[in-house]
Ligand SMILES: Cc1ncc(COP(=O)(O)O)c(C=O)c1O
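In UniProt numbering, the protein residues as written are 1 to 497.
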């Protein structure tokens, strides 16, 4: 073949400015600037293990609630069933007495039941998720709340994130679609609102009142935004709260439902931390709505609620497996069909994540072979997390010019940095000179000095002129807390006065 004689001016690669503007505008602090810098430091340490020149040997990833990245062990029950699901050859070909030496009987039975419904883990499932798993989820919800749940209303999703994406996409009918979100919030919400070119309307949680909601303020925001031509579609509630760690009272939840009923707002109840409760009681939005509906159907029967749950949190911590569900209540069949279409376009959520959801909502019962180990492991993780939250909370409240509300649940603390301009003039000067906000400056110096990676409050939203940071309490041990306390002393010495 002869040589090709070609001549043209090669086209340039794309510029970011040529991409979808909404994607460019979206921000996600949990994996933002500071975690990216932490990755660079981690790479530097890994490439220069004996000569990295830093006063620490590893990065402590306190920026994200990712328990198994921080040494939490997966539950034996989950992984035993999953291993049979992924390699069913063992069930078919290995002699029964040999399998029983490796796996408890209830594990083998459950794996067979799941495979009987899903077929292979490698096959697409029904768009809404496997019907056996959806039945288990409905049973779990009805036992939790004392009110029935319909498997037809359950959508199994790739973590709760996919449910949030579906809901916000469907509800963003035009650029005037508004979403009431708590401030501080988990930044998935602001990011997804930005991706859909819709309007975030932040309602402030009351820090002085253990991060409670203020219905008067929410009503005021509805009034103001309606007057501006914003069509408010939904009200988001995160309970237990990320980043606040607070748990809503039943009274708070009733007030929120009243607002939704009065204004026709879809309620999005993000309840992924419902198992992570240390103080008080988690009451689901579904339960409170069902009670109100029973008493006053004339007021509440039109309320539309989407409740979300996940296998990523609780004591499961299986973030990488992408299991989640949403339950839709009160939506018309017409709207449910649109959600179904969107789920169908995405084909299905990861089938092994669906199986994990089944194992989470339908765990071994007392008397079954796996029960003892399951119970010991889950209660061990729960008390461990509670202990870690208390240690970090105590440490923050000993630090000068930091205050922190007592965590009631979830996996985070959101301490406040009480660094006023009068007391910390040098800090504000540095912030002005560099254009880096005060809480971000603190997080950058914390990372560079100790290897601890957390996220500035500005990434979650906060009352103007207040500064916070969000950290998980998941990292094991107390050494990192001591190193944080020492850093803090130095920081105060450097900037105060
Ligand atoms: C409040 C909240 N909602 C949703 C998610 C998403 O979790 P996943 O998609 O892993 O279920 C998170 C993750 O941290 C969260 O904190």
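The C-beta atom is built at its ideal place from N, Cα and C for all residues, glycine as well. All figures in this text were calculated on a predicted structure; none of them were measured in a lab.
- Taken in chain order, the complete beta strand (DSSP E) segments of 3 residues or longer contained in the segment 139-179 are 154-157.
- Secondary structure note for residue 357: its alpha helix (DSSP H) is the uninterrupted segment 351-361.
- Around residue 175, the same chain offers 197 as residues with beta carbons nearer than 6 Å, after the five sequence neighbours per side are excluded.
- The beta carbon of residue 71 lies closer than 6 Å to those of 476 in the same chain, with the five residues before and after it left out.
- Residue environment analysis places residue 164 among the buried positions, since at least 16 neighbouring C-beta atoms fall within 10 angstroms of its C-beta.
- For the set 392, 423, 362, 226, the Cα lying nearest the Cα of residue 114 is the one of 362.
- Between residue 181 and residue 215, the C-beta spacing is not below 9 Å.
- Beta-carbon to beta-carbon, residue 378 and residue 75 are separated by about 7 Å, close enough to satisfy the 8 Å threshold.
- A contact is defined here as three or more CB-CB pairs under 8 Å, and the segment 319-339 meets this definition with respect to the segment 301-309.
- Fully contained in the segment 435-478 are the following beta strand (DSSP E) runs of length 3 or more, in chain order: 469-472.
- Judged by DSSP secondary structure, residue 35 falls within the alpha helix (DSSP H) whose first and last residues are 33-47.
- DSSP places residue 290 inside the alpha helix (DSSP H), whose first and last residues are 285-295.
- Shown here, residue 110 sits in a helix according to DSSP, grouped into three states.
- Within 10 angstroms of the beta-carbon of residue 173 lie fewer than 16 other beta-carbons, which makes it exposed.
- With a contact defined as Cβ atoms closer than 8 Å, residue 204 and residue 407 miss out at about 19 Å.
- Under the criterion of beta carbons closer than 8 Å, residue 399 and residue 473 do not qualify as touching, at roughly 15 Å.
- Looking at 416, 372, 18, 470, the one whose alpha-carbon comes closest to that of residue 208 is 416.
- Contact annotation: residue 467 and residue 457 have beta-carbon atoms nearer than 9 Å.
- Rounded to the nearest whole angstrom, the CA to CA distance from residue 350 to residue 264 is 33 Å.
- Residue pairing from DSSP places residue 61 in a beta bridge opposite 453.
- A direct Cα-Cα distance of roughly 32 Å separates residue 65 from residue 109.
- Ligand 1 approaches residue 65 closely enough that one of its heavy atoms is under 8 Å from the residue's Cβ.
- A straight-line Cα-Cα distance of about 18 Å links residue 162 and residue 239.
- Excluding residues up to 5 positions away in sequence, 176, 177, 178 lie with their Cβ nearer than 7 Å to the Cβ of residue 231 in the same chain.
- In this structure, the beta-carbon distance from residue 159 to residue 185 does not fall below 9 Å.
- With a cut-off of 8 Å, the C-beta of residue 144 is classified as distant from ligand 1, since no heavy atom of the ligand falls inside that distance.
- Secondary structure note for residue 380: its alpha helix (DSSP H) is the uninterrupted segment 371-398.
- If you ignore the 5 residues before and after residue 28, its C-beta comes within less than 6 Å of the C-beta of 187, 191, all in its own chain and listed in chain order.
- Per DSSP, reduced to three states, the secondary structure at residue 203 is strand.
- Residue 80 is positioned such that its CB atom lies closer than 9 Å to that of residue 104.
- Residue 262 carries a helical assignment under DSSP once its states are collapsed to helix, strand and coil.
- Residue pairing by DSSP places residue 412 opposite 472 in a beta bridge.
- Counting along the chain, residue 309 sits inside the beta strand (DSSP E) bounded by residues 305-310.
- Under the three-state reduction of DSSP output, residue 403 falls in the strand class.
- Taking C-alpha positions only, residue 433 is separated from residue 46 by approximately 33 Å.
- Annotation for residue 28 indicates a beta carbon at 8 Å or more from all heavy atoms of ligand 1.
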